[in-house]
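Okay, so the sequence shown: first residue is 1 according to full-length UniProt numbering, each after it adds one.
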Amino acid sequence: MISGVEDATPNFPNVHRGYNNILGKLGKRDKIQDIQNALRIADFDGDKKLSYQEVRQQLKARNLSEMEIEMLFAKYDVDGNRELDEKEMQQMFADLEGQKLQLDDEINNQQSMVASDSSRPPTAAVYGRGNGSNVPADEFNVLTRRVDRMEHSIGSIVSKIDAVLVKMEGMEKAKVKRRENMNKILNSISESENLDEKAKRQQMEQLVREELQRWDSDQSLNMRR
């Protein structure tokens, strides 16, 4: 590692990532809060039990998917009777509250990190205009060239992968087209009134053999390329 690079790294990307992380965690926290509110009003008849349909009706209104609802319900429906009793409900609410409190802690920590990054010296330090851990211009130029070479290598690899994917896509399309044509031919043979059953079977078997031979030949050619 080049001396001073870590301390002189621009802070703005870190701040941007930090804000994105905070927004993501706030979204999760709001979702948990919505689930808690929905479950509190889901017990329509006040029997301190929640049926699957009661839970589903409320959570669907909060835009949860069927899979999310099923997974949440199944996690706490310990006896599998499609109903949450008072004990199971208490466990669910306790877990949800615990998840929300954990997110609160993570959000607070992330906010502190963002505030710290925002107060650090800006990119001027990289070019030697800041104070403290400055990077000499020649070391910075070496690092820049290394990054450029790495980006070029990655770009070359991505281009090769794209070429392979395009080739595979073309092979798959050709295979589908050939299968469709073969099905049409087999159907026409099957529906032909000019051939008896034995002749139809012989023609079908011949077509299948020829198709398998072509497939083997194509596979061999593709492996050599």
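By construction, the Cβ of each residue, glycine as well, lies at the ideal position given by its N, Cα and C atoms.
Residue pairing by DSSP leaves residue 66 without any beta bridge partner. Each residue's CA atom was taken as its position, placing residue 149 and residue 166 some 26 Å apart.
In the DSSP assignment, residue 84 is bridged to 50.
Here DSSP, grouped into helix, strand and coil, assigns residue 78 to coil. Going by C-alpha positions, residue 26 is about 18 Å away from residue 38.
Contact check for residue 60 against residue 83 fails: the beta carbons are separated by 8 Å or more. For residue 104, the three-state secondary structure derived from DSSP is helix.
The beta carbon of residue 69 sits closer than 6 Å to the beta carbons of 56 and 59 from its chain, once the five residues preceding and following it are set aside; these are given in chain order. Taking C-beta atoms as the reference points, residue 177 and residue 189 fail to come closer than 8 Å. Taking the Cα positions, residue 99 is about 26 Å away from residue 81.
It is roughly 15 Å from the alpha-carbon of residue 93 to the alpha-carbon of residue 71. Annotated three-state conformation of residue 194 is coil, per DSSP. DSSP, read as helix, strand or coil, puts residue 61 in coil.
Looking at 46, 51, 65 and 52, the one whose alpha-carbon comes closest to that of residue 31 is 65.
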